[in-house]
Amino acid sequence: MAGANLLALIDDIATILDDVSLMTKAATKKTAGVLGDDLALNAQQVTGVKPARELPVVWAVAKGSLVNKAILVPGAVAISFFVPWLVTPLLMLGGAYLCFEGAEKLAHKFLHAKEDEQHKDELREALKQPDVDVKTLEKRKIKGAIRTDFILSAEIIAITLGVVAGTGIGMQFAVLSVVAVMITVGVYGLVAGIVKLDDGGLYLTQQDSKLAQKIGRGILWLAPYMMKTLSILGTIAMFLVGGGILVHGIPLVYNAIEHFAMDFGGLSTTLIPMLANGLIGLLAGALLVAVITPLLRMWEARSEAS
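In the working numbering, the protein residues as written are 867 to 1172.
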């Protein structure tokens, strides 16, 4: 009897783990749009930091990210338990924010040219100063990266919560926790690899082997383009994922797109909804930028005046 109970317990645990694995896989696919941007943004946060301090900075931000998720995961489970009706509005808000952020990135060069130039000047001046100024700059970068991570982590948790909203509280907590840890380890592990990629390339160029030198030069050439590619892919994914969330939140629009795609059949059933999601995401983001940006500037002007 005891043996049968033990086997039943093991079977139950295996079933739960399998469910967690499946739900985690589904949630990770849905959060892919945020991950590309998260990766690019966090890699950019350590630019300007001395090479010897790059990994400690990444580690400091990673620890801050874990703290963010330790706050967000229980908060998400509490929302799902006490106010489940709030899950869909939060998802819609997260989708709208993704669209806004994507459109804001596209228009950034035109909207924030002055601020970017000022930031570059401050960075150049800070790097010319003694170590105390560099440490201050480093702390500022870490705080800024952790704030950015909190927003992106909130988006990921909200999207994941939408995937597991129909399951029990225990399953929700398990999937959210697994996704949170996987994303933190994956993103910051890759960030650490990216920021040290040029160091690896430089090391290879100093070896005796001509093949190693050639590979090293190739890595040094590739590294800057990798950052740009990540940023572009992350922006595209923002519109696809953000637009998809908005479309799913409006059944009339979602059903119309699905029926339209079904009429063509084949690959169109996947391609048409994807393109529609991206287009709707782009339009929604452009509208939000047009409305929110002037309001933010008015608020900043008022704050400076007071």
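We treat Cβ as the ideally placed atom computed from N, Cα and C, and that holds for glycine.
All values derive from a computational prediction rather than experimental measurement.
- Residue environment: Val939 is assigned as buried (16 or more neighbouring CB atoms within 10 Å of its CB, all protein chains considered).
- With a cutoff of 8 Å on beta-carbon distance, Gly1147 and Gly968 are scored as near each other.
- As the crow flies, the alpha-carbon of Phe1039 is around 6 Å from that of Val943.
- Under the three-state reduction of DSSP output, Val949 falls in the coil class, being neither helix nor strand.
- Taking a contact to require three or more Cβ pairs closer than 8 Å, the segment 919-929 and the segment 1053-1070 qualify as touching.
- Here the segment 1110-1128 does not lie against the segment 1152-1164, with fewer than 3 beta-carbon pairs under 8 Å apart.
- Separation of Ile1035 and Ala1171 (C-alpha to C-alpha, rounded to the nearest whole angstrom) is 48 Å.
- Across the structure, Lys1094 and Ser1019 are spaced so that their CA atoms are roughly 22 Å apart.
- Counting the other Cβ atoms within 10 Å of the Cβ of Gly1084 gives fewer than 16, which makes it exposed.
- The C-beta of Gly1131 has fewer than 16 other C-beta atoms within 10 Å across all chains shown, which makes the residue exposed.
- With a threshold of 16 other beta carbon atoms within 10 Å, Glu1166 falls short and is exposed.
- When DSSP states are grouped into helix, strand and coil, Ser1075 belongs to the coil group.
- In this structure, DSSP gives Thr1014 a helical state, which the three-state scheme calls helix.
- According to the DSSP assignment, Thr1033 belongs to no alpha helix (DSSP H), since it is labelled neither H nor E.
- DSSP, reduced to helix, strand and coil, places Ala1040 within a helical segment of the structure shown.
- CA-to-CA, the gap between Val1107 and Leu964 works out to about 8 Å.
- Excluding five sequence positions before and after Lys975, none of the CB atoms of its chain fall closer than 6 Å to its own CB.
- Membership of Ile1146 in the alpha helix (DSSP H) is indicated by the continuous run Ser1134 to Ala1171.
- Taken atom to atom, the span from the alpha-carbon of Ala973 to that of Arg1163 is near 15 Å.
- With fewer than 16 other beta carbons inside 10 angstroms of its own, Val949 counts as exposed.
- With a beta-carbon spacing of about 6 Å, Thr954 and Gly1115 fall inside the 8 Å limit used to define contacts.
- For Ile1123, the enclosing alpha helix (DSSP H) starts and ends at Pro1117 to Phe1130.
- Per DSSP, reduced to three states, the secondary structure at Lys1062 is coil, with no helix or strand assignment.
- Counting only the Cα atoms, Leu1137 lies some 8 Å from Ala1127.
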